């Protein structure tokens, strides 16, 4: 049978300018087989008619609203990155917490079919082959699954329930209002640039309401203080990821970093 593969999926969400992208890149450097999926790559096109237009800002599009991101496409991309049989949050083929690729699933199905044929067969030779197969399977099951990490980054990655169901950890970055406003004011890479007053009128209130909604729903969050040194944040996350990769089963829980 092909090697089993444990897939750990972590989300980095929460406050704007909290350090999510920097931490995501550091995680990729720490885990060479990791994959990064950025929500920013799934914003809807500029001519999409569903954007909320903000009259107080001259009809500026609300890029911080949940519907500004194509979550169906984003969820598909995360599912594809896991290599599993999951699409848009639908139930995956699972062996414990181990996701199987389509090729591995086919191999597993083929083995099951071969096992049935062996059971139906007669003769001493078939019986010996069956015993050898069982011994080999027992040896394979003693081996730990190969592991890989999928990192999903974006301010509202926990907003979509189908996507939210894919995460083993949800790291929610936080900042005080003043520090967040200061960092946001230094950014010059927004395209199109945000109009004056947009942060206080739109960005910050949506961040607060999003967090309140997650708390109300009881979503397990690992809170990350974005003022902490990046090295310390990454070290704690790597310890958490390593523990998930080594554990027989992955427990979804909240925490603080």
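In full-length UniProt numbering, the protein residues as written are 1 to 257.
Glycine residues also receive a C-beta, built at the ideal position from the N, C-alpha and C atoms.
The structure displayed is predicted, hence computed values, not measured ones.
Inset, instruction - Give the DSSP-derived three-state secondary structure of residue 157 in the structure shown. - result: coil
Legend entry - Rounded straight-line distance, which links the Cα of residue 18 to that of residue 170: 15 Å
Inset, instruction - Closer than 8 Å by C-beta to residue 71: which residues in its own chain qualify, once you throw out the five before and the five after it? Chain order, please. - result: 42, 159, 160, 162, 163
Inset, instruction - Ignore the nearest five residues each way along the sequence and tell me which others in residue 78's own chain have a CB closer than 6 Å to its CB. - result: Same-chain partners within the cutoff: 37, 152, 166.
Legend entry - For residue 152, the three-state DSSP class (helix, strand or coil): strand
Legend entry - Sequence-distant residues of the same chain with beta carbon closer than 8 Å to residue 39, five excluded per side: 69, 74, 152, 153, 154, 155, 156, 157
Inset, instruction - Round the Cβ separation of residue 52 and residue 65 to the nearest angstrom and send it over; I've been treating them as touching at under 8 Å. - result: 5 Å
Inset, instruction - Please look up how many angstroms separate the CB atoms of residue 174 and residue 226, rounded, as I've assumed it's under 8 Å. - result: 6 Å
Inset, instruction - Return the Cβ separation of residue 267 and residue 8 in integer angstroms, given the expectation that the two are a contact with Cβ distance under 8 Å. - result: Since the first and last residues shown for the chain are 1 and 257, residue 267 lies out of range.
Inset, instruction - With a 10 Å radius around its C-beta and 16 neighbouring C-beta atoms as the bar for buried, classify residue 210 as buried or exposed. - result: buried
Legend entry - Contacts around residue 90, its chain only, beta-carbon distance under 7 Å, and the 5 residues preceding and following it disregarded: Interpretation of residue 90 is limited by its pLDDT of 39, a score under 50 that renders its predicted location unreliable; no figure is taken from the coordinates.
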